[in-house]
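Have a look at the structure below before the remarks.
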Amino acid sequence: MLLALDVAYSPTQGHAVALAFPAWAAAEASAVYQATVSPVADYEPGAFYKRELPCLLAVLAQVPLAEVDALIVDGYVTLGADNRLGLGQHLYAALEERIPVIGVAKTRFAGVAPQVVPVRRGQSQNPLYVTSVGLPVAEAARHVAAMHGAYRLPTLLKQLDDLTKQALPPV
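Take any residue in the sequence shown, count from 1 to its spot, add 2: that is its number in our numbering.
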């Protein structure tokens, strides 16, 4: 099983969603998991994981992790040319380095390292930025490129983004 994770925030809560799917080319999720965490840490530049990681761990507590082959997070595994630990690396460590983590970022991080592989999908000239830990980044990039969908963002990652935002209470 593969698992894509995302978190959205209200002023006082973080809402995490995980979509499970059986194969990289799958068009539909096989399961959806959700968790709400309150309170959440304030946003801290360069330390986003402090806000996001507790939410991801809360939703992962519902998942049979022994069945998970890889995790996809919205963001980077490592940051910058000096390879600072990003969200994905912190998640990998929190899970005792048992499950590979792939970071798929929609925006370029300043000082992107050579370990970042840009992946262009569909007709888009704007790449997704792929990083990984626990499997080679070239392999991770091939998996992201092979995901279902004709657009820049794979079908299931777009669905995940939409579900995560919809789960927030109206402001």
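Here a beta-carbon is modelled for each residue, glycine too, at the ideal position from N, C-alpha and C.
| Check | Outcome |
| --- | --- |
| Classify GLN161: buried if its beta carbon has 16 or more other beta carbons within 10 angstroms, exposed otherwise. | buried |
| Does the segment 25-41 come within contact of the segment 98-106, defined as at least 3 CB pairs closer than 8 Å? | no |
| Grouping DSSP H, G and I as helix and E and B as strand, with all else coil, what is ARG86? | strand |
| From the DSSP output, which residues share a beta bridge with THR14? | Note: THR14 sits in no beta bridge, so no partner. |
| Suppose only complete runs of 4+ residues qualify. What are the alpha helix (DSSP H) ranges in the segment 36-97, listed by chain order? | 51-62 and 89-96 |
| Between which two residues does the alpha helix (DSSP H) containing THR109 stretch? | Per DSSP, THR109 belongs to no alpha helix (DSSP H) and is neither H nor E. |
| So, helix, strand or coil for ALA20, using DSSP? | strand |
| Starting from LEU130, trace the beta strand (DSSP E) in both directions and tell me its first and last residue. | 130-135 |
| Could you give the DSSP three-state label for VAL34: helix, strand or coil? | strand |
| Alpha carbons only, please: which of ALA83, GLN15 and PHE111 is nearest the one belonging to GLU54? | GLN15 |
| Beta carbon of SER32, beta carbon of LEU170: below 8 Å? | no |
| Quick check on ALA143: does DSSP put it in helix, strand or coil? | helix |
| Does the beta-carbon of TYR45 have 16 or more other beta-carbons within 10 angstroms, so that it is buried, or is it exposed? | exposed |
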